[in-house]
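K.L.:
Residue numbers for the sequence shown follow my numbering, so the first one is 3 and each next one is one higher.
By construction, the Cβ of each residue, glycine as well, lies at the ideal position given by its N, Cα and C atoms.
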Amino acid sequence: MKRSVLDYLENTAKRCPERLAWDASAPFTFGQWWDAAQRIASSLSSRCARNTPVAVLMNPRSAECVKVFFGVWAAGCFYAPLDPMLPPERLKLIMQNLQPTAIVYDEESRAKAEAVCPDGCECVLWSDAAQSPVDADKLAQIRQTVTPDHLAAILYTSGSTGIPKGVAHTQGSLMAYTEETIERYQFTENTVFGNQSPFFYANSIIDIFPPALLGAKACMIPATALSFPKTLVNYLRQKGITELTMTPSSFVQVANSGVLTENCLPELEYMIMSGEVMPWAQLAVWMNAAPKGHAWNFYGSTEMFSVSVGKVEGNYEAGQLIPVGKPFPTVKIRFMTDDGQAAAPGEAGEMYVSSPMVSQAYYRDEERSRAVYAADPLGQEPGVWFRSGDYGFLDAQGRLNVLGRKDSMVKHHGYRMELGEVEAALRSIPGCLEACCLLDKEQDVLWAFAVGNLTEKSLMDALKTKLARYMLPDKIVLLPELPHTANMKIDRQTLRKRMTEQG
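1) From the DSSP output, read off the bridge partner residues of Tyr272.
2) Roughly how many angstroms separate the alpha carbons of Pro213 and Asp392, rounded to a whole number?
3) Could you round the C-beta distance between Leu238 and Leu267 to whole angstroms and report it? I think they count as a contact, below 8 Å.
4) What residues are listed by DSSP as bridge partners for Ser356?
5) Locate the alpha helix (DSSP H) running through Asn13, then write down its first and last residues.
6) What is the rounded straight-line gap between the Cα of Ile335 and the Cα of Lys313?
7) Please determine, among Thr147, Ala104, Asp137 and Arg498, the residue with the shortest C-alpha to C-alpha distance to Glu124.
8) Where does Glu425 fall in DSSP's three states?
9) Please name the residue in Pro281, Glu269, Glu271 and Gln240 whose C-alpha comes closest to that of Val256.
10) If you reduce the DSSP assignment to three classes, tell me which class Phe388 lands in.
11) Quick one: using the 10 Å Cβ neighbour count with 16 as the cut-off for buried, is Ser6 buried or exposed?
12) Run through the DSSP bridge pairs and tell me what Ile105 is partnered with.
13) Which class does Glu368 belong to by DSSP, given the choice of helix, strand or coil?
14) Can you grab the Cα-Cα spacing for the pair Ala377 / Val447, in whole Å?
15) Quick check: what's the CA-CA separation for Gln40 versus Val355?
16) Consult DSSP for Gly78 and reduce its assignment to one of helix, strand or coil.
17) Within the continuous alpha helix (DSSP H) that includes Met87, where are the two ends?
18) Distance, Cα to Cα, Ala51 vs Val136?
19) On the CB-based measure, 16 or more other CB atoms within 10 Å of its CB, does Glu182 come out buried or exposed?
20) Rounded to the nearest angstrom, what separates Glu110 and Ser303 at their Cα positions?
21) Where does Thr496 sit, in a helix, a strand or coil, going by DSSP?
22) My parser needs the alpha helix (DSSP H) runs of 4 or more residues fully inside the segment 174-219; what are they?
23) Ignore the nearest five residues each way along the sequence and tell me which others in Ala291's own chain have a CB closer than 6 Å to its CB.
24) Starting from Ile156, trace the alpha helix (DSSP H) in both directions and tell me its first and last residue.
25) Specify the secondary structure class of Ile478 as computed by DSSP and reduced to three states.
26) Taking only the alpha-carbon atoms, compute the straight-line gap between Trp298 and Arg186 and give it to the nearest angstrom.
27) What residue range is occupied by the uninterrupted beta strand (DSSP E) comprising Tyr380?
28) Does the pairing of the segment 485-500 with the segment 454-470 give three or more beta-carbon distances under 8 Å?
29) Assuming Leu100 and Ile156 are in contact, meaning their beta carbons sit under 8 Å apart, how far apart are those beta carbons, in whole angstroms?
30) In chain order, what residues of the same chain lie with their CB nearer than 7 Å to the CB of Gly385, ignoring the 5 residues before and after it?
31) Check whether the Cβ atoms of Val479 and Trp449 lie closer than 8 Å to each other.
32) Between Met177, Phe32 and Arg49, which lies nearest to Val68 when the distance is taken from Cα to Cα?
33) Put Val256 into one of helix, strand or coil per three-state DSSP.
34) Looking only at C-alpha atoms, which of Pro83, Met359 and Arg366 sits nearest to Glu305?
35) Using the three-state DSSP reduction, which class does Cys439 fall into: helix, strand or coil?
36) Thinking just about the alpha-carbon of each residue, which of Gln198, Leu246, Val194 and Ile207 is nearest to the one in Gly217?
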């Protein structure tokens, strides 16, 4: 029986120590990965009490991070990957919540690590720790105490109050995600993973843990390739990458750049996306570029990891809602109406989710945990249920359809409506590349922001053929491009500021 994700890497390192694990600026094998983790663990175990947090403040686009993650676990601790580009004040807020016993940093982040290091916390240069002698006896003793219930990682996300939330995942939730993901996608040791997501984002875990279990190779996509679509496509082709997980916005940007040609990515098999609605027109461009490829749409969040996933099959009309597959076998979902009743079959409701992949709480934050981590709303099942804040329903085929955030369900001109429906209608208009809608609730003014070679009048004329009158935007703003967050989702806060300034 596997007790932790450490077992994945140890078994793979024994089975195929010379196999390349990470193709990066400094490539390393599975054997080297395991050896580095053991050395880092030996260094940390003399500094940190067991079951305490260790902050990792390193270049999130460096594959060396994964050596540290496994080293932290082998020391009997849990890690929190942090973005060294965050302002010091925000990092200090995180440190106040996390209260780490150590900060592991790289040379680039030395000054920031020392500036935010709280009292009683030790700063450790990762490369020094990786040279430590291995204390095999001590590490073996630690391994015997680790269970699936032990904390594994604290993943910080933005909080609506401005204070970051630390999502607390256990070894068990990581193992459940890894094994269910491999089973659903049918990944093998021959899968070549293309990592583009920084390690402080939950989307990166698909490129870390399934390869560690399978003995598959992961490639660290260079920052230059992520900035230039043509460079990205060339890199994917040269490395023979078969799996690529990105946000829909990232897929859209590459599709809109015009660099994808027919059969230009012959090895790409998995195009995996989540976080936003993927427009069908741009998805078709990717499908044309990857003859062996399948588009996979999944639904999840940092708190839940993955709830459902499925291949995008068949043809969809532009603007049509694309299902996000069938829920994983271990996932249970309650669809609840606004009056607290179970939604009827096929009726949309707010989703409450229970599964082995779901986190149990926000770290050291009881108040915000109580708001979303709850008991079964129907009182039928034990355990923790996560209140997602998303509306959805199961269709006749048992596939999950996600309509959007509960807070994107608005009342406009006296009618309830879903902002995502207006956005989908905009994206279905030929020439409209991206779209985002926001409601100024005080003025009851619906704003639409769009990108494309169009005019406000042509957009409005097209929308009149697609939407009810009450759903039509009151104001349309055409932009050269929409702002995006660091993880390439549409930056709605920036657009809301613009709306306020122009309103």
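P.N.:
Let me spell this out:
1) Looking at the DSSP output, Tyr272 sits in a beta bridge with Glu245 and His296.
2) Cα-Cα distance, rounded: 31 Å.
3) Right, the Cβ-Cβ distance comes to about 6 Å (below 8 Å), so this counts as a contact.
4) Lys334.
5) Its alpha helix (DSSP H) spans residues Leu8 to Arg17.
6) Cα to Cα, Ile335 sits roughly 20 Å from Lys313.
7) Comparing Cα-Cα distances from Glu124 to each of Thr147, Ala104, Asp137 and Arg498, the minimum goes to Ala104.
8) DSSP places Glu425 in helix when its eight states are reduced to three.
9) Here the closest residue by C-alpha is Pro281.
10) The three-state reading of DSSP puts Phe388 in strand, counting E and B together.
11) Buried, because 16 or more other Cβ atoms sit within 10 Å of the Cβ of Ser6.
12) According to DSSP, Ile105 bridges with Ala57 and Cys125.
13) Here DSSP, grouped into helix, strand and coil, assigns Glu368 to helix.
14) Going by the C-alpha atoms only, they are around 38 Å apart.
15) Approximately 36 Å between the Cα atoms of the pair.
16) Gly78 sits in coil when the DSSP states are folded into three classes, being neither helix nor strand.
17) Judged by DSSP secondary structure, Met87 falls outside any alpha helix (DSSP H); it is assigned neither H nor E.
18) Between Ala51 and Val136, the C-alpha separation is close to 18 Å.
19) By the 10 Å Cβ count, Glu182 comes out buried.
20) Rounded to whole angstroms, Glu110 to Ser303 spans 30 Å at the Cα level.
21) Residue state, collapsed to three classes: helix.
22) Here the runs fully enclosed are 211-216.
23) Cβ-Cβ distances below 6 Å link Ala291 to Leu262, Cys266 and Leu267 in the same chain, with the five nearest sequence neighbours on each side left out; the list follows chain order.
24) For Ile156, there is no enclosing alpha helix (DSSP H); the residue is found in the beta strand (DSSP E) stretching over Leu153 to Thr159.
25) For Ile478, the secondary structure class from DSSP, reduced to helix, strand or coil, is strand.
26) Just so you know, the alpha carbons of Trp298 and Arg186 end up roughly 11 Å apart.
27) Before going further, note that residue 380 is Leu rather than Tyr in the sequence given. Taken as a continuous stretch (DSSP letters only), Leu380 belongs to no beta strand (DSSP E), as it is neither H nor E.
28) No contact exists between the segment 485-500 and the segment 454-470.
29) Contact between Leu100 and Ile156 holds: their C-beta atoms lie close to 6 Å from each other, under 8 Å.
30) Setting aside the 5 residues that flank it on each side, Gly385 is surrounded in the same chain by Ser356, each with a C-beta closer than 7 Å to its C-beta; the list follows chain order.
31) It is a contact, given that the beta carbons lie within the stated cut-off.
32) It is Phe32.
33) In the displayed model, Val256 falls within a helix according to three-state DSSP.
34) Of Pro83, Met359 and Arg366, the residue nearest in Cα terms is Met359.
35) Here Cys439 sits in strand by DSSP.
36) Measuring from the Cα of Gly217, the nearest candidate turns out to be Val194.
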